[in-house]
Amino acid sequence: MHNLYTVSSLAQSHPCAVFTICLLVVFFMTTSEQFFSLNWRDILRAGRARRSTLVWLNLLFLVEPLLPVFQWMIRMDPRRTRQLEQQLGLACDGLQSAERDLAQSRSKFSQLQAELDTCHSDLESSRDELAASRGMESQLHAQLKATQAALAEALGETQSYKSALERALDTSLDLELELNSVEKHETMLLEELQDRKADLAEAEDDYSRLQREMHNLRLDTRHAQLMSEAKIEELEHTVRELRRDSSKLPIVEKPRRKSRRSDSESSSKDLLVAPPTDAPMSFTFPRAEITVIVHPPEEPMAEPVVPPKQTYANALAVWPHYRTVDGRTLRGFSDLGRTVWVMWDRGCEWRQVREVCGELEYTEGGKVAAN
């Protein structure tokens, strides 16, 4: 401010000196590096920007080295000088406050700039999210249309299912009625089945009872047969003893006795030799007077073995199947004529047979037992 007062006083009193000073200032500014760093836009906008004050101060500082040259031409008033110094101090205080305000404004400006950058980034992200949300909205719209179409189709199917369900309910009612009738019929059949089971149980009891009676009858028949055979054997033994005793008596032999003696001679043989294999084997057990006829294995087997008609007509019982100890089988019949018809399985060899305790056995020791 002191420099400004000096310049203004000099301009009033010495215009030529002021003109000379301006020329020097212009020359100095054109030759100084600081001249090219000035922001002339700020100078033109000095009334709108606080930074222009600093620019003018810089210009005054450039002129300040030249002021002592012109001080000899200026007489300063002491009172005016004090006033100017006071004004200059106030201006300096205002300048400092302005600088502080400028620093605060710059900090606020930087904060606002950072917030603006943040807002720009948020805006960009919001734009991206908006684009993504629009894409999602289009997808959801397409899915909504597809869902609506599927829902319409499902509603149609539901109607068809509903009609089918109604038909099924009607059919189930008819089937339930039929089931009731079938259950009634089943109940009747079960009752009838229970009655039939009871009848069958009674019939089975009767059948088992008849089987037991038949078995007992067979046992009684066999026992009676064995007893009769034993009695016959005892009588034959008695007859032989009587014949042996009577042979010691001086009695003339008659043809009848001769035939009896020939029978006795034939009965003295326990076993007979088998005939040739081209004919059935037939021999008699002298002790029991039982004739056994055995068919050779070369002849085909019959099921069952049928003896001659005259023998089969007087059949007492049909023998069960007989088997040998080694697994081969016999089949035969017994009749009242004491004749046994026997057929061997194919592959058997001829053996002489005799009766021992109701069983047939080989002469070589192999037994034939009832199956």
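Quick note: this note's numbering has the sequence shown finishing at residue 375, numbered continuously throughout.
Ideal Cβ placement from N, Cα and C applies to all residues, glycine included.
{"query": "With a CB to CB cut of under 8 Å and the five nearest residues on each side skipped, what residues in its chain are close to T162?", "result": "none"}
{"query": "Please report the straight-line C-alpha distance between T103 and E133, rounded to a whole angstrom.", "result": "Checking the sequence shown, residue 103 turns out to be Glu, not Thr. Distance between the alpha carbons of E103 and E133 is about 44 Å."}
{"query": "Between L221 and L197, what straight-line distance do the alpha-carbon atoms span, to the nearest angstrom?", "result": "35 Å"}
{"query": "In whole angstroms, what is the alpha-carbon distance linking S137 and C123?", "result": "20 Å"}
{"query": "Buried or exposed for L173, please, with buried defined as at least 16 other CB atoms from any protein chain shown within 10 angstroms of its CB.", "result": "exposed"}
{"query": "Express the C-alpha separation of D199 and A205 in angstroms, rounding to a whole number.", "result": "10 Å"}
{"query": "Would you report the Cα separation of A153 and L116, rounded to the nearest angstrom?", "result": "53 Å"}
{"query": "Pull up the distance between the alpha-carbon of L169 and that of S129, whole angstroms please.", "result": "56 Å"}
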